[in-house]
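A.B. asks: Numbering (this note's numbering), first residue to last: 67 to 213.
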């Protein structure tokens, strides 16, 4: 078993039994170049909508549904634009009523709300088209997982 020489400073992933254990790659939490996307996944019990690179989606799957292999449907779309990622996340949360429905693990509104409200009509139309595309792909994958 691999171990660090220093304790996980905030107890993030070392665990109770091994405070010095390896943790997830924190470099995946920050997208220095702004090439982030939006994602949605489900295991048919818990669903989640988030923003970030594919590695962040996979990390989110591990913490929310116990692994990427448990997902019955997932979609990740990159936009190359942080602002677009936030706005598409917000629109997906609205389309799915993610904050209100108990099967979604989303507890707070997306920061994309204000960005969407302040965007031009042209940008909002693009955001809506991306959100619709992601929803259609996600729903198709969910239907196919039942077959």
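Yeah, the Cβ is synthetic: ideal placement off N, Cα and C, and Gly gets one too.
Quantities reported herein were computed from a predicted structural model and do not represent experimental measurements.
Please state if the CB of residue 105 and the CB of residue 171 are separated by a distance shorter than 8 Å.
C.D. replies: Position 105 of the chain shown holds residue 171. Position 39 of the chain shown holds residue 105. In this structure, residue 105 does not lie closer than 8 Å to residue 171 by Cβ.
A.B. asks: Have a look at residue 155 and residue 110 and give me their C-alpha separation to the nearest angstrom.
C.D. replies: Within the chain shown, residue 155 is the residue found at index 89, counting from 1. Within the chain shown, residue 110 is the residue found at index 44, counting from 1. Straight-line Cα distance between these residues: approximately 20 Å.
A.B. asks: Would you kindly work out how many angstroms separate the C-alpha atoms of residue 162 and residue 132, rounded to a whole number?
C.D. replies: For the purposes of this step, residue 162 is taken as residue 96 along the chain shown, with counting starting at 1. For the purposes of this step, residue 132 is taken as residue 66 along the chain shown, with counting starting at 1. C-alpha separation (whole angstroms): 22 Å.
A.B. asks: Any chance you could list the beta strand (DSSP E) runs of at least 3 consecutive residues sitting entirely within the segment 112-142, in chain order?
C.D. replies: Complete beta strand (DSSP E) runs here, min 3: 113-117.
A.B. asks: Which first and last residues belong to the beta strand (DSSP E) in which residue 174 is found?
C.D. replies: Numbered from 1 along the chain shown, position 108 holds the residue referred to as residue 174. From DSSP, residue 174 is part of no beta strand (DSSP E); its letter is neither H nor E.
A.B. asks: For the segment 193-202 against the segment 140-148, are there 3 or more C-beta pairs whose distance is under 8 Å?
C.D. replies: Verdict: yes, contact present.
A.B. asks: What does the Cβ neighbour count give for residue 124, buried or exposed, with the cut at 16 atoms within 10 Å?
C.D. replies: The sequence position of residue 124 within the chain shown is 58, counting from 1. Residue 124 should be labelled buried.
A.B. asks: I need the boundaries of the beta strand (DSSP E) containing residue 107, first residue and last residue.
C.D. replies: Working through the chain shown from its first residue, we reach residue 107 at position 41. Unbroken beta strand (DSSP E) run through residue 107: 103-108.
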